[in-house]
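Take a look at the structure below.
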Amino acid sequence: MAWHAVAREDELGVGQMKRVAPAGNPLLLVHAEGGHYCVDELCSHEDYSLWFGCVKGRSIKCSLHGSYFDLASGKPLNEPADCPIRTYNTKVENGQVWVEAG
Ligand code: FES
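Quick note on numbering: the sequence shown equals residues 1067 to 1168 in my numbering.
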């Protein structure tokens, strides 16, 4: 695992997200309540892109069937999804948002 700079610190407003691929895997960087989070781009239910969803509080909603996922833990908050999405450590340093992936 290594740290990768994926966005400027001020690039995303709260509620915005960005597709990133720091180690070749499609991930989503999300600025939500409490800071920046990074999760797998694909929903754990049917591999639908969460980039088409929306951010609410500290969660992200899958727009295909409506499951919400906690951005910090990756856990689904309602059905039909019952498996978590993977989460990645983030930090803000030197004016950049960094994601630990590899
Ligand atoms: S594909 Fe995301 S909830 Fe079904």
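We put the CB at the ideal spot given by N, CA and C, even for glycine.
Inset, instruction - Please name the residue in Gly1123, Tyr1154 and Leu1108 whose C-alpha comes closest to that of Leu1116. - result: Leu1108
Inset, instruction - Since I believe Ser1133 is in contact with Ala1178 (beta carbons under 8 Å), could you give me their beta-carbon distance rounded to a whole number of angstroms? - result: Lying before the first or after the last residue shown, residue 1178 is absent from the chain, which here runs from 1067 to 1168.
Inset, instruction - Give the straight-line distance between the Cα atoms of Gly1161 and Arg1152, rounded to the nearest whole angstrom. - result: Approximately 25 Å between the Cα atoms of the pair.
Legend entry - Euclidean distance between Cα positions of Cys1149 and His1131: The alpha-carbon atoms of Cys1149 and His1131 are separated by roughly 14 Å.
Inset, instruction - Sort Ser1139, Ser1129 and Glu1145 by Cα distance to Asn1155 and report the nearest one. - result: Ser1139
Inset, instruction - Hey, could you find the ends of the beta strand (DSSP E) Tyr1114 is sitting in? - result: Premise fails: Tyr1114 is in no beta strand (DSSP E) and is neither H nor E.
Legend entry - Where Lys1127 sits in the DSSP three-state scheme: strand
Inset, instruction - Look up Ala1068 in the DSSP assignment and say whether it is helix, strand or coil. - result: In the structure shown, Ala1068 sits in a strand (DSSP, three-state: E or B).
Inset, instruction - Report the residue from Cys1128, Ser1129, Phe1135 and Cys1104 whose alpha carbon sits nearest the alpha carbon of Leu1157. - result: Note that residue 1157 is Lys in the sequence shown here, rather than Leu. Measuring from the Cα of Lys1157, the nearest candidate turns out to be Cys1104.
Inset, instruction - With the ligand FES as the reference, list in chain order each residue whose Cβ lies under 6 Å from any of its heavy atoms. - result: Cys1109, His1111, Glu1112, Tyr1114, Cys1128, Leu1130, His1131, Ser1133, Pro1146 and Ala1147
Legend entry - Spatial distance of Cys1184 from Gly1081 (CA atoms): Because the chain is modelled from 1067 through 1168, residue 1184 falls outside the range shown and cannot be assessed.
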